[in-house]
Amino acid sequence: MPYGYNGKILRVNLSNKSIGTEEFDEAFYRTYMGGSGLIAYYLLKELKPKVDPLSPDNILVFASGALTGARVGGMCRYAVGAKSPLTGGFGESEAGGFWGPELKMSGFDAIVIEGKAEKPVYLYVKDGSAEIRDASHLWGKTTGETQEAIRNELGDSRVKLAQIGSAGEKMVRFACVTNNLKHFNGRNGLGAVMGSKNLKAVAVRGTKDVPAADPALLSEIARRFAKAVPENPLTKGLYQWGTAAAVTGNSAIGILPTKNFHYGEFDKAENISAARMVDTILTAREGCYACPVRCKRVVRSEEHGIDPAYGGPEYETLAALGSLCMIDDLNAVALGNQICNQYTMDTISAGMVIAWAMECFEAGILTKSDTDGIELTFGNTQAMLQMLEKMGKREGFGDILAEGSVRAAQKIGRGSEKFVLAVKGQELPMHDARGKYAVGLGYATCERGADHMVVGHDTMLNTESYSFVNTMPPMGVYSPTSATEYSPLKVRTFAYLSYWWSFFNEAGICQFVPVPRSAMSISDVLGALKAYTGWNTSLWEVMKAGERGITMARVFNLREGFSASDDKFPERLHQPLENGAMKGAFVPKEDLNKAIKLYYGMMGWDENGIPTEEKLLELGLDWLVQK
8 MPYGYNGKIL RVNLSNKSIG TEEFDEAFYR TYMGGSGLIA YYLLKELKPK
58 VDPLSPDNIL VFASGALTGA RVGGMCRYAV GAKSPLTGGF GESEAGGFWG
108 PELKMSGFDA IVIEGKAEKP VYLYVKDGSA EIRDASHLWG KTTGETQEAI
158 RNELGDSRVK LAQIGSAGEK MVRFACVTNN LKHFNGRNGL GAVMGSKNLK
208 AVAVRGTKDV PAADPALLSE IARRFAKAVP ENPLTKGLYQ WGTAAAVTGN
258 SAIGILPTKN FHYGEFDKAE NISAARMVDT ILTAREGCYA CPVRCKRVVR
308 SEEHGIDPAY GGPEYETLAA LGSLCMIDDL NAVALGNQIC NQYTMDTISA
358 GMVIAWAMEC FEAGILTKSD TDGIELTFGN TQAMLQMLEK MGKREGFGDI
408 LAEGSVRAAQ KIGRGSEKFV LAVKGQELPM HDARGKYAVG LGYATCERGA
458 DHMVVGHDTM LNTESYSFVN TMPPMGVYSP TSATEYSPLK VRTFAYLSYW
508 WSFFNEAGIC QFVPVPRSAM SISDVLGALK AYTGWNTSLW EVMKAGERGI
558 TMARVFNLRE GFSASDDKFP ERLHQPLENG AMKGAFVPKE DLNKAIKLYY
608 GMMGWDENGI PTEEKLLELG LDWLVQK
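Structure follows, in structure tokens:
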């Protein structure tokens, strides 16, 4: 592999302490690329069906992407994958930051981890070698304490850590993985898989650049994007306000999840807004590897114990710990974000579980005898913070909530199930499908469970905007669609964008860089891939790679017992919003079901959502055809 890749994948068995490598050719990398595609390959090839996700038999994969490490804005992401302990299906999540490029510079494209260590360990990878080190002294420490301890132990402050806190150690089912304390593989409970393997961290250090086929072209594309950042309204807004701008924006149009998705408007949204953050606790704006957008927030409040080392809350967190729970205290939300970051809990699922419990409490299903004496009502700031602590440590009622809302409701019963808002076991993100139908179709059909990162959001594509014009015509879609329709054109737009988004997850591209979400054109994305790898590539090739990744994940879920009956919404999204600009809006169940069936057909799946033999063969997945 002369360019863009190392051609080597590190294999580690924690049970027998063996370490080795395997090598693949260019055809393999062009087929599966990296990231989510590589993860799907390993899970389908090597993981036995129906294994317990928290058993030593599960496989944990860290995978960089085809463009990870290219010195262009947004080309920094990597994926972590395993069978999900939250959903029981295909588990995969991406993160930005610096860990992914560091892995490539260390001499490996991915790490495949098997088995379980007898006692806590961490993996140290540097410049083509790896060793398993004792982490008994680190077990129970926060992420900040662990990062400092390992860097001191290795005598290198530039070591990058992907690690877990107590939530991962205690196998909270929505535990996540963090790198550099503020970048997260947030969803699907992959931190719990690390904990189940007694793996505290993966420390990586690389000192060798990955050679590019055409460094001059790569630099030209990087400069062109950097120049566009302050000129493009999308990237300019991300720098100035971060994703937090969506709080007041979504509230104004009536789709800000509030009071466990009863409301679409939060009358105190300004109190947890981007503007309020800028005026009070924001101290810096940070970016990921080689990225000029700098959308990450850094906040500080000595009075409230908020440490800037843990970054700051993004939109999803502001909504999940804020409006969803009817909490308008920005300092409390920022502190809640820090607790989640220290313990490694997904802030989306954490907020959703607490909001579910709050609704149960107010409905009389839960009482203070259930909740450790805590008045778990909407708007109770201290109750939210107390429950985060309890979940992260699996203490008291927090031990039940740590199972996720689906399992918690199964344990509690008493009608609590009707308040659960999840798909395939994963809680809804902070985007109301009653105002974004394509996002909703993604919730219903995504193999990872409810996920807002499946396609570009409807609100970017419902007019002849910059986002639409520069994205959809090259894909063969020439007319925009309403955000609230399930027409054949909308479903086709969704399908094509899902291929594009899936390719991002295989290539290691941040969604805040290319169109439709940002300023980098399709041609420059393809140019960067060509300049980095040397491949004479095309939009056709990368779209097929994205489709292949989606299809493999689908096959994995079918193998694990999922079916078309799991492609659905929680009932609340079929019920009218109770306030705001979209009061009365709901997603008609019949319209959603028709859209799902049409999507199956466009994907080359049968009416039961099963990929046909012809489609598998067309995608080069002969090895998945049932004999």
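Going from the sequence shown to my numbering is simple: count from 1 and add 7. Virtual Cβ for every residue (Gly too), placed ideally from N, Cα, C.
Simplified DSSP state of residue 352, which is helix, strand or coil: It is a strand residue.
Do you know offhand how far residue 96's Cα is from residue 204's?
Computed Cα separation, rounded: 18 Å.
Name the DSSP beta bridge partners of residue 452, please? The partner list for residue 452 (beta bridge, DSSP) is empty, contrary to what the question assumes.
| query | Of the choices 223, 171, 322, whose alpha-carbon is the least far from that of residue 438? | reply | Of the residues 223, 171, 322, the one whose Cα lies closest to the Cα of residue 438 is 322.
- Give the DSSP-derived three-state secondary structure of residue 528 in the structure shown. DSSP places residue 528 in coil when its eight states are reduced to three.
- Task: Specify the secondary structure class of residue 234 as computed by DSSP and reduced to three states.
- Result: Secondary structure at residue 234: helix, using DSSP grouped into helix, strand and coil.
Just to confirm my understanding: we take residue 634, look at its own chain, exclude 5 residues before and 5 after, and list those with CB closer than 7 Å. What are they? With a pLDDT of only 48 at residue 634, under the threshold of 50, the placement of this residue in the model should not be trusted; the figure read from the coordinates follows. Contacts found: none.
Exposure of residue 657, with buried meaning 16 or more beta-carbon neighbours within 10 Å
Residue 657 falls outside the range modelled here, since the chain spans only 8 to 634, and no answer is possible.
Quick one: is residue 507 buried, meaning 16 or more other Cβ sit within 10 Å of its Cβ, or exposed?
By the Cβ-count criterion, residue 507 is buried, with 16 or more other Cβ atoms from all chains shown falling within 10 Å of its own Cβ.
(Q) Measuring straight from C-alpha to C-alpha, what distance separates residue 399 and residue 192? (A) Going by the C-alpha atoms only, they are around 17 Å apart.
For residue 547, which of helix, strand or coil comes out of DSSP?
Note: residue 547 maps to helix in three-state DSSP.
| query | Got a sec, what are the start and stop residues for the beta strand (DSSP E) residue 1 sits in? | reply | The displayed coordinates of the chain run from 8 to 634. Any statement about residue 1 would go beyond what the structure contains.
Next item on the list: Would you mind giving the Cβ-Cβ distance between residue 626 and residue 558, rounded to the nearest angstrom? I have them listed as a contact below 8 Å.
Entry: Right, their Cβ atoms sit about 6 Å apart.
Cβ-based burial, residue 78 [other Cβ within 10 Å; buried from 16]: Counting Cβ neighbours within 10 Å, residue 78 comes out buried, since at least 16 surround it.
Taking a contact to mean a Cβ-Cβ separation below 8 Å, would you say residue 524 touches residue 467 in this structure? In this structure, the beta-carbon distance from residue 524 to residue 467 falls below 8 Å.
Let me know the secondary structure DSSP gives residue 581 once reduced to three states. Residue 581: helix per DSSP, three-state reduction.
Selection from 423, 606, 485, 250 that minimises the alpha carbon distance to residue 470: Measuring from the Cα of residue 470, the nearest candidate turns out to be 485.
Note to self: Within 8 Å, do at least three Cβ pairs link the segment 444-462 to the segment 379-397?
What the structure shows: Contact fails: fewer than three Cβ-Cβ distances are below 8 Å.
Where the beta strand (DSSP E) containing residue 381 begins and where it ends:
Element bounds for residue 381: n/a, residue is neither H nor E.
Check: Is residue 593 helix, strand or coil when you go by DSSP?
Finding: Under the three-state reduction of DSSP output, residue 593 falls in the coil class, being neither helix nor strand.
**Q.** From 598, 164, 101, residue whose alpha carbon lies closest to that of residue 512
**A.** That would be 101, whose Cα lies nearest to the Cα of residue 512.
* Hey, would you say residue 536 sits closer than 8 Å to residue 560, going by beta carbons? -> In terms of Cβ geometry, residue 536 and residue 560 do not form a close pair [threshold 8 Å].
>> Three Cβ pairs or more, each shorter than 8 Å: is that satisfied between the segment 235-252 and the segment 168-183?
In response: These segments do not touch.
Can you tell me whether residue 249 is buried or exposed, with buried defined as 16 or more other CB within 10 angstroms of its CB? The residue is buried, with at least 16 neighbouring Cβ atoms inside 10 Å.
Notebook entry, point to check: What's the call for residue 345, buried or exposed, on a 16-neighbour Cβ count within 10 Å?
Noted result: Around the C-beta of residue 345, 16 or more other C-beta atoms lie within 10 Å, and the residue is accordingly described as buried.
Comparing C-alpha positions only, which one of 385, 379, 425 sits nearest to residue 405?
The residue with the shortest Cα to Cα distance from residue 405 is 379.
**Prompt:** Expressed to the nearest angstrom, what Euclidean distance is found between the alpha-carbon atoms of residue 188 and residue 348?
**Reply:** Between residue 188 and residue 348, the C-alpha separation is close to 7 Å.
Quick check on this structure: which residue in 388, 166, 377 has the alpha carbon closest to the alpha carbon of residue 403? Nearest of 388, 166, 377 to residue 403, Cα basis: 377.
What residue range does the alpha helix (DSSP H) around residue 109 cover? Note, residue 109: alpha helix (DSSP H), 106-112.
According to DSSP, which residues form a beta bridge with residue 459?
Note: residue 459 sits in no beta bridge, so no partner.
Does the Cβ-Cβ distance between residue 174 and residue 184 come in under 8 Å?
Not in contact: residue 174 and residue 184 (Cβ atoms no closer than 8 Å).
query: Run through DSSP, which three-state label would residue 490 get?
result: Of the three classes helix, strand and coil, the one that applies to residue 490 here is coil, per DSSP.
| task | Enumerate in chain order the residues of its own chain whose CB-to-CB distance from residue 623 is below 6 Å, with the five nearest sequence positions on each side excluded. | result | Short of 6 Å from the beta carbon of residue 623, and not among the five residues preceding or following it, lie these beta carbons of its own chain, in chain order: 631, 632.
* To do: Examine the Cβ distances between the segment 492-501 and the segment 598-607 and report whether three or more of them are shorter than 8 Å.
  => At 8 Å Cβ cutoff, the stretches touch.
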